[in-house]
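This report refers to the structure that appears directly beneath it.
Number of protein chains: 6
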Amino acid sequence: MELTRESWTDADAADANLAVLPVGSTEQHGPHAPLGTDVLTAEAVAEAGADRYDDPVVVAPAVPVGIAEEHRRFAGTLWTSESTFRAYVRDVVGSLASHGWDRVIVVNGHGGNIAALKEVTARIVRHDDAYAVPFTWFDEVGEHTSEMGHAGPLETSLLRHTDPESVHEDRLEAAAADGADRWGEWQGRVNLAVDSDEFTDNGVVGDPRESSAELGEELLAKSADALCDLLDAVRDRDPGPRIDG
Amino acid sequence: MELTRESWTDADAADANLAVLPVGSTEQHGPHAPLGTDVLTAEAVAEAGADRYDDPVVVAPAVPVGIAEEHRRFAGTLWTSESTFRAYVRDVVGSLASHGWDRVIVVNGHGGNIAALKEVTARIVRHDDAYAVPFTWFDEVGEHTSEMGHAGPLETSLLRHTDPESVHEDRLEAAAADGADRWGEWQGRVNLAVDSDEFTDNGVVGDPRESSAELGEELLAKSADALCDLLDAVRDRDPGPRIDG
Amino acid sequence: MELTRESWTDADAADANLAVLPVGSTEQHGPHAPLGTDVLTAEAVAEAGADRYDDPVVVAPAVPVGIAEEHRRFAGTLWTSESTFRAYVRDVVGSLASHGWDRVIVVNGHGGNIAALKEVTARIVRHDDAYAVPFTWFDEVGEHTSEMGHAGPLETSLLRHTDPESVHEDRLEAAAADGADRWGEWQGRVNLAVDSDEFTDNGVVGDPRESSAELGEELLAKSADALCDLLDAVRDRDPGPRIDG
Amino acid sequence: MELTRESWTDADAADANLAVLPVGSTEQHGPHAPLGTDVLTAEAVAEAGADRYDDPVVVAPAVPVGIAEEHRRFAGTLWTSESTFRAYVRDVVGSLASHGWDRVIVVNGHGGNIAALKEVTARIVRHDDAYAVPFTWFDEVGEHTSEMGHAGPLETSLLRHTDPESVHEDRLEAAAADGADRWGEWQGRVNLAVDSDEFTDNGVVGDPRESSAELGEELLAKSADALCDLLDAVRDRDPGPRIDG
Amino acid sequence: MELTRESWTDADAADANLAVLPVGSTEQHGPHAPLGTDVLTAEAVAEAGADRYDDPVVVAPAVPVGIAEEHRRFAGTLWTSESTFRAYVRDVVGSLASHGWDRVIVVNGHGGNIAALKEVTARIVRHDDAYAVPFTWFDEVGEHTSEMGHAGPLETSLLRHTDPESVHEDRLEAAAADGADRWGEWQGRVNLAVDSDEFTDNGVVGDPRESSAELGEELLAKSADALCDLLDAVRDRDPGPRIDG
Amino acid sequence: MELTRESWTDADAADANLAVLPVGSTEQHGPHAPLGTDVLTAEAVAEAGADRYDDPVVVAPAVPVGIAEEHRRFAGTLWTSESTFRAYVRDVVGSLASHGWDRVIVVNGHGGNIAALKEVTARIVRHDDAYAVPFTWFDEVGEHTSEMGHAGPLETSLLRHTDPESVHEDRLEAAAADGADRWGEWQGRVNLAVDSDEFTDNGVVGDPRESSAELGEELLAKSADALCDLLDAVRDRDPGPRIDG
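Chains A, B, C, D, E and F supply the protein sequences, listed in that same order. Just so we're aligned, residue 1447 is where the first sequence starts under the numbering used here, counting upward by one. Just so we're aligned, residue 1447 is where the second sequence starts under the numbering used here, counting upward by one. Just so we're aligned, residue 1447 is where the third sequence starts under the numbering used here, counting upward by one. Just so we're aligned, residue 1447 is where the fourth sequence starts under the numbering used here, counting upward by one. Just so we're aligned, residue 1447 is where the fifth sequence starts under the numbering used here, counting upward by one. Just so we're aligned, residue 1447 is where the sixth sequence starts under the numbering used here, counting upward by one.
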């Protein structure tokens, strides 16, 4: 049930207690993939998971701008501060829960959001009247996860399957040529770079030439299945007593 | 130039300094119109204005959740606190401006956002490196503005033109029957009601039966023209010195 | 009952549940009217309303500095940020309510405060143990409201009635000569100017030569009557359940 | 120069760089003295000091509500949180300074404000474009300071001199009878009580029967003289470089 | 019971409801005493008091950085803002209380922390589920208190007793020679200086040559005894009802 | 150079620009290890690294309480909110930098702090006058890292080497018997549990019987060496231009 397109009466009639909130980012994804990659993919996975789930699942509108200051030197990158992002997500989850949809999975498409989502969902579980967990789709695609990069094979593939017109396939060679092999500049386990332009010229990490629509289809299926399994688990979870309850 | 679907390199190549940021709300719009009415209409007007403008205009992704606690008792309504909303908008405008797109019109589709947008854009103009103004489309449609209501003729018409499948035309009678004639409960010029369920049973204010796709087409044209005129004015505006400059 | 001049024991003995909180601004009002115009008028209306009301009404001390950054380039203008202003008003209303005076009308004398007062009183009604509404006196004087301006006929008249020594009648000609006809610089319904010095040389909007003590007397009577009607309505209002109750 | 009653043009014409900001509290002062005691006395001292000073001194409008939660169980006591109070004072001092009146003495009439004023004025001096210090009048009356109490001889005397109608002289006996000898409940140098109703039945500490208009006149003279000496010192003070300058 | 060195099971087994939280500062203490003087002394007094108390007392780890911006121009001085300091202390006291140790004495070794601790402990008592008071050791040593200064006889003596290696006795002469007699630059009761380098060249106030290990032993005994008396009083205190309880 | 024990003059004389800030947590570490494990280990590694580094390194006092609400149901666990923790660390790093020690490594001993430290150090690098990175010692011990757990072999070993009296070796069997094999309760890559008592009875994760003083010695050497390598890298790092510079 895509909330944006439903009337409130239809939303009310659906006997749901599960909701998914797609969360993305608007940020550079190389010369070949769109700035909205992380929103488009998060929405695609959220909708695919909700569609194939047996019980009704409320799909909230996607949060389009996240934590992306690290890409600020590439045109078109938008970002909000971590604290504002957390507050925005917490408010949206809280309003979902106020309607009885108090089991919420935040379906995330951007690595930079992960830590903030972990912090805010734990706060929600401990202090608010809702149970919420983050789910990052590219962490749930089995052995493919290791190939993630940035604007690399996974994201490019998913878009080539779900939204092929958004990808410039004729730029994949150039994207790969000027990209980086690895995220960050490392000393031991510490990344010395805070911004992505310190280690990639065109914003790409990984080789998007390894992408394909077929792989995208597989990634969507895998992540949607994983989301359904998580919906089962969240539906059945006993969150325990609230601190301020 | 719809930022979500462009690559950063294309965004960079566009020689723009104007941007529009659609801002809406996800909230009840009666039994006949979708919860996303305010986002869908803000996006439609922003895109129509940018399309017909001579110079390139960056179209940022829409902010989908705004200030709508007043509708909280109707299922599906989502909201954020005023302060979080302002902070989110300020950050997005700030990141747009960081790329040189520092003349920003916030194209708004929700009455509840107006005061907060006025506050935050004034703060941006005085204190940040950007010039920003809010533009609320239904205030810019001439004599029609007075018929606004909530989920009434104007919003319903615009959607019937731009997104007809999102409107349940077969529910217009019921929507009108259970709606209210006027927003609020008034003593003099003071509204005693803080929530919309205090004065409308189904969330509607005004008569959506007076809507039509033809009227929607006119409203889109009028508001897009007004937006173009404002783009001219904003492009030419001397914002004066910053306080913290 | 003017709280500032009562002992706590007398305040306690008064069997009141209604309170009024005057809120003004210290800001330029042209060469002829005092910087304290908005406080002096708000106090005058609040006291007049409370005096003529049948039941006891607690009159809190006036908040003297409000949201007036827009006048910052005129000497003597004082302001606080919107968020601090809201917090200050919320705290004062909360402490009034703690004594059982939990029906509070914020009597406002400054246009720049209106949006912030609407926001904070709605928050109070939804989340705190009080019912509060804002009342802006110059919006409650019937057809005169349209002549408001800034330091124009209405404010000048009210002071000429309640506090004639505070007005320099010999400067009315000059005040009118260098003032503006209209507030703001407009493109459609959007004000492009964030500060008043962008459109008025001496801070005046409207023609203060049209002021008179007689008109002031009428304005005071009208607004005090409107305030009494609102006191009735607020006394009888069922605020509904609190969100955090 | 009382800002509230001056026009901006007259304020501008005064060649001042010194300002005083009276800060009080609206809180219980026993059965005999008004809730506004701390504002009334702060204003009286500020005006007396400014009047007798040789150079022009801007007198800002008094902040009427301060830090007084400790008296919350006595009717009529109003308070704001410490952080809001500091923000309010900082904003007012900042706007005074923006007009060139950047040497500001906060003339305080309430013990509960002292620590917050010390904190906020130090922050102003280090980080803002102003030099500000707090001045608490009853700390500047020589050997009388030790008799301060609360609603005791000093405050009662000052009001009997400056505003005799505000004091119920016929209640002084009762005020003394039910008052406390000492502020707080002490273990060593630690006050175990956080609220004043824990140690005084009627809110009084000290013996207001020892008050007189004559003593009030002396207190006003002493504190106004001390304020003038401080105005000299503040005028001549080199504040050193700002941290963020 | 020093929490840092206990296992949670042993902490759980101790049948305690009293806790002490040492709070210090890392800031200049002249050429002879260590930057950590205020932490070292607060810890010493807290431990000495807990050791000699009959019932078990939880000793929390010391907060090492406090409010010390006033010493910022001396190398090694560390500080946090007042609001962050208060939040940190409030959180630590709150977590102590969550385990049933809800009678907390904040044992303070730094004058600059006193006002902030008074503010935050009052907030805790009124609004949280704990009773907390601040205790500043050098205020509890009888007639010696008047000799406090900064890096003067008291602090130097205490360290010479508890941690003699931390003091450079060979620098006491120089420390005294370049130090100041009095804290601050005064006009009446107002300190015009916000930073300590405005009135002391080497950071010292008072004469550390008057220090001795013997005096330190006496100071430790006196303050530890005073702390024990306060533990008795806090144990027996009825904090009254919570505001938000 | 352990700042706590140095005089400001000695700190000033050291020609340093590198600093390490140990950051830990006070939280349950099973029945066998102390609540202060994360502070004690962070301090040990920080000091060992600074000691063996060729150039002088300032060692700041350790932050003793971090982000540990997840252990709140085990006695003695202390925590602060994430936002307060970040603010505290930012202030301390800022004051270190003010003295010229503007290359700061935050040496961390607690997994729960990692995300917050990444956020705050990136903010410092982008916005403040310092370059800071986090370093978590147990991530820098090669193949041992995978054995981390909680109160498991690594932490227990390090303490058995650096502070053997703090470990109850006679409780290792019981610690292992009632501990958990794995942190969290997982559905795919999502941890459904927000608090550690949901999956471990005594707080232990991993098998502390596998600890030894010898392993501790190795861990200290490895992590101290890694810290030295990072000091080299941080010393040489060009942080790039500040956003607000």
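Even for Gly, the Cβ is constructed at its ideal location relative to N, Cα and C.
Cβ-Cβ distance between Glu1660 (chain F) and His1607 (chain F) below 9 Å: yes
Beta strand (DSSP E) runs contained entirely in the region 1457-1492 of chain A, provided each spans 3 or more residues: 1464-1469
7 Å Cβ cut-off: residues of chain F touching Arg1681 (chain A): Per Cβ cutoff of 7 Å: no residues; Arg1681 (chain A) is ~11 Å from chain F at best.
Touching by the beta-carbon criterion (3+ pairs, under 8 Å), the region 1570-1589 of chain F and the region 1535-1547 of chain E: no
Assigned secondary structure, Trp1454 (chain E) (DSSP; H/G/I helix, E/B strand, else coil): helix
CB contact check: Phe1645 (chain A) to chain B, cutoff 9 Å: no
Straight-line Cα distance separating Arg1536 (chain C) from Gly1557 (chain B): 23 Å
Beta strand (DSSP E) runs contained entirely in the region 1538-1587 of chain B, provided each spans 3 or more residues: 1549-1554 and 1577-1582
Beta-carbon proximity check, Val1553 (chain A) vs Gly1495 (chain A), cutoff 9 Å: yes
Residues near Glu1448 (chain F) by beta carbon distance below 6 Å, same chain, minus five either side: Val1505
Within-9 Å CB hit, Thr1582 (chain D) to chain E: yes
Backbone CA spacing between Val1680 (chain D) and Leu1563 (chain C) [nearest angstrom]: 37 Å
Proximal residues to His1614 (chain F) (C-beta, below 6 Å), its chain only, five neighbours per side dropped: His1478
Boundaries of the beta strand (DSSP E) in which Val1640 (chain E) is found, first to last residue: Careful: Val1640 (chain E) lies outside any beta strand (DSSP E) and carries neither H nor E.
Short Cβ contact (9 Å threshold) for Ala1465 (chain B) with Val1566 (chain B): no
Exposure of Pro1610 (chain D), with buried meaning 16 or more beta-carbon neighbours within 10 Å: exposed
Proximal residues to Asp1461 (chain D) (C-beta, below 7 Å), its chain only, five neighbours per side dropped: Pro1502
Positions along the region 1624-1639 of chain D whose CB lies within less than 7 Å of some CB in chain E: Gln1633, Gly1634, Arg1635, Val1636 and Leu1638
CB contact below 9 Å: Thr1487 (chain D) versus chain E: no
Any C-beta of chain A under 9 Å from that of Gly1686 (chain F): yes
Proximal residues of chain C, C-beta to C-beta of Asp1585 (chain B) below 9 Å: Gly1634, Arg1635 and Val1636
His1596 (chain E) and Thr1526 (chain E) closer than 9 Å at C-beta: no
Where Val1613 (chain A) sits in the DSSP three-state scheme: coil
Residue span of the beta strand (DSSP E) that contains Val1503 (chain A), given as start and end: Val1503 to Val1505
Residue-chain proximity (Tyr1499 (chain D), chain C), Cβ-Cβ < 9 Å: no
Three CB pairs or more closer than 8 Å across the region 1659-1674 of chain D and the region 1582-1596 of chain D: yes
Cutoff 9 Å: Asn1648 (chain F) Cβ touching any chain E Cβ: yes
Beta-carbon neighbours of Ser1544 (chain E), restricted to chain F and to distances below 8 Å: Arg1518
Residues near Ala1672 (chain F) by beta carbon distance below 6 Å, same chain, minus five either side: Glu1586
Nearest candidate by alpha-carbon position, reference Ala1521 (chain B), set A:Leu1677, A:Glu1601 and A:Ala1459: A:Ala1459
Status (buried if at least 16 other CB within 10 Å, exposed otherwise) for Trp1632 (chain B): exposed
Separation of Gly1634 (chain E) from Gln1474 (chain D), as counted between CA atoms: 29 Å
Inter-residue spacing [alpha-carbon to alpha-carbon] between Gly1621 (chain A) and Asp1653 (chain A): Sequence check: residue 1621 (chain A) is Ala here, not Gly. Cα to Cα, Ala1621 (chain A) sits roughly 8 Å from Asp1653 (chain A).
Gly1540 (chain C) vs Ala1508 (chain C) beta-carbon contact at 9 Å: no
Exposed unless 16 or more other CB atoms sit within 10 angstroms - verdict on Asp1484 (chain A): buried
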